[in-house]
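**Q** Everything in the sequence shown is counted per this note's numbering, starting at 2 for the first residue and increasing by one. For each residue, glycine too, the CB sits at the ideal point set by N, CA and C. None of these values were measured; they are calculated from a predicted model.
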Amino acid sequence: STRELPLECRIVTSTNVDPYECIEKGTLREDIFYRFAVFTLFIPPLRERIKDIEELITHFIKNFCRVYGQVSVKLDPELKQALLSYDWPGNVRELQHVIESSLVMLNPDDKELTFEHLPSYIRPKFKQQTSHYVKYTAEGNSLNQVLRNTEKQVIEEALRSHRGNITRAAKSLGILRQNLQYRMRKLGVKAE
2 STRELPLECR IVTSTNVDPY ECIEKGTLRE DIFYRFAVFT LFIPPLRERI
52 KDIEELITHF IKNFCRVYGQ VSVKLDPELK QALLSYDWPG NVRELQHVIE
102 SSLVMLNPDD KELTFEHLPS YIRPKFKQQT SHYVKYTAEG NSLNQVLRNT
152 EKQVIEEALR SHRGNITRAA KSLGILRQNL QYRMRKLGVK AE
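Below, the structure written as structure tokens:
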């Protein structure tokens with residue numbers, strides 16, 4: 002066409018990477034970023050919003066029960082704990098798909114979602130994650146050794162979940178940063 006047409010629009014964009022880091026690396030043009038960044042909103046990843054995870058689980062279960070004509074379904078307490086402590090690298094969309102897939106796997110007479118209903122691709126991740134909570138060995142380890150190993154694994158998982166950020170890991174564990182640092186030294190845990 003040879004005519005210009007006036008256009009008024011708003012562009013909404015999102016990213017799962019830090020745009021400022023991308024500008025520094027040269028993978029995002031600074032002028033384009035500032036043209037679009039009239040209003041920016043940072044939403045923390047789902048793994049840092051435990052209360053949101055619980056509400057989203059409830060919402061998705063109710064929603065998909067209605068969609069698939071299921072009667073109200075309860076969530077197995079162990080599965081609930083595993084869902085709350087999982088990293089959710091795919092954020093809300095991943096959680097939504099896991100809940101939907103699990104409900105699709107329910108038999109009509111099932112009244113509770115359990116580990117067996119999880120999609121096969123993610124089941125090993127949850128089993129792996131929860132196995133250390135239950136693992137007490139018949140290898141002759143004392144209770145103190147089992148508790149020490151469990152504490153170390155929980156701290157390592159918290160650090161991994163928060164990408165080595167000690168302050169955030171301590172907050173998620175409900176302890177002071179100094180207390181976490183002391184325990185890390187005592188157990189030989191490094192923040193990476």
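#1: Between the alpha carbons of Ser143 and Ile167, how many angstroms are there, rounded?
#2: With burial defined as no fewer than 16 other Cβ atoms inside 10 Å of the residue's Cβ, what is the status of Ser73: buried or exposed?
#3: Tell me the start and end of each unbroken alpha helix (DSSP H) in the region 17-52 that is at least 4 residues and wholly inside, in chain order.
#4: In angstroms with no decimal places, state the Cα-to-Cα distance between Ile90 and Glu49.
#5: Cutting at 7 angstroms between CB atoms, please list the residues of its own chain near Ile24, excluding the five before and the five after it.
#6: Between the C-alpha atoms of Arg178 and Val68, what's the straight-line distance to the nearest angstrom?
#7: Determine the direct distance from the alpha carbon of Phe37 to that of Ile51, and round the result to whole angstroms.
#8: Considering Ala192, what are the terminal residues of the alpha helix (DSSP H) in which it resides?
#9: Please list the segments of the alpha helix (DSSP H) lying wholly inside the region 45-108, counting only runs of 4 or more residues, in order along the chain.
#10: Looking only at its chain, what residues have a beta carbon closer than 6 angstroms to the beta carbon of Leu188, apart from the 5 residues adjacent to it on each side?
#11: Ordered along the chain, which non-local residues of its own chain (more than five positions away) have a Cβ less than 8 angstroms from that of Val99?
#12: Among Pro125, Phe127, Ile62, Ser15, which residue has its Cα nearest to the Cα of Glu101?
#13: Spatial neighbours of Pro20 within its chain, please: CB distance less than 7 angstroms, with the 5 preceding and 5 following residues excluded, ordered by chain position.
#14: In chain order, what residues of the same chain lie with their CB nearer than 7 angstroms to the CB of Leu47, ignoring the 5 residues before and after it?
#15: Could you give the distance in angstroms between the alpha-carbon of Glu158 and the alpha-carbon of Met106?
**A** Reading off the structure:
#1: Along the sequence shown, one-based indexing puts residue 143 at 142. Along the sequence shown, one-based indexing puts residue 167 at 166. Distance from the CA of Ser143 to the CA of Ile167, rounded to the nearest whole angstrom, comes to 29 angstroms.
#2: Along the sequence shown, read from residue 1 onward, the residue named residue 73 stands at position 72. Exposed, because fewer than 16 other Cβ atoms sit within 10 Å of the Cβ of Ser73.
#3: With a minimum length of 4 residues, the continuous alpha helix (DSSP H) runs that stay inside the region 17-52 are 20-26, 31-37.
#4: Locating residue 90 in the sequence shown gives position 89, counting from the first residue. Locating residue 49 in the sequence shown gives position 48, counting from the first residue. The sequence shown places Pro at residue 90, rather than the Ile named in the question. Looking at the two C-alpha atoms, the distance is approximately 11 angstroms.
#5: In the sequence shown, counting from the first residue as 1, residue 24 sits at position 23. Glu31, Phe34, listed in sequence order.
#6: Position 177 of the sequence shown, counted from the first residue, corresponds to residue 178. Position 67 of the sequence shown, counted from the first residue, corresponds to residue 68. Rounded to the nearest angstrom, the two C-alpha atoms are 45 angstroms apart.
#7: For this step, residue 51 is matched to residue 50 along the sequence shown. For this step, residue 37 is matched to residue 36 along the sequence shown. C-alpha separation (whole angstroms): 31 angstroms.
#8: Along the sequence shown, one-based indexing puts residue 192 at 191. Where Ala192 is concerned, there is no enclosing alpha helix (DSSP H), given that its DSSP letter is neither H nor E.
#9: 51-68, 78-86, 92-105
#10: Sequence index remark: in the sequence shown, residue 188 carries index 187 (1-based). Answer for Leu188: Lys153, listed in chain order.
#11: Taking the sequence shown and counting its residues from 1, the one referred to as residue 99 is at position 98. These residues qualify, in order along the chain: Leu84, Leu119, Pro120, Ile123.
#12: Taking the sequence shown and counting its residues from 1, the one referred to as residue 101 is at position 100. Answer by Cα proximity: Ile62.
#13: Within the sequence shown, numbered from 1, the residue matching residue 20 stands at position 19. Hits under 7 angstroms: Leu29, Phe34.
#14: Working through the sequence shown from its first residue, we reach residue 47 at position 46. Cβ within range, chain order: Asp53, Ile54, Trp89, Asn92, Val93, Leu96.
#15: Sequence index remark: in the sequence shown, residue 158 carries index 157 (1-based). Sequence index remark: in the sequence shown, residue 106 carries index 105 (1-based). Roughly 29 angstroms between the two C-alpha positions.
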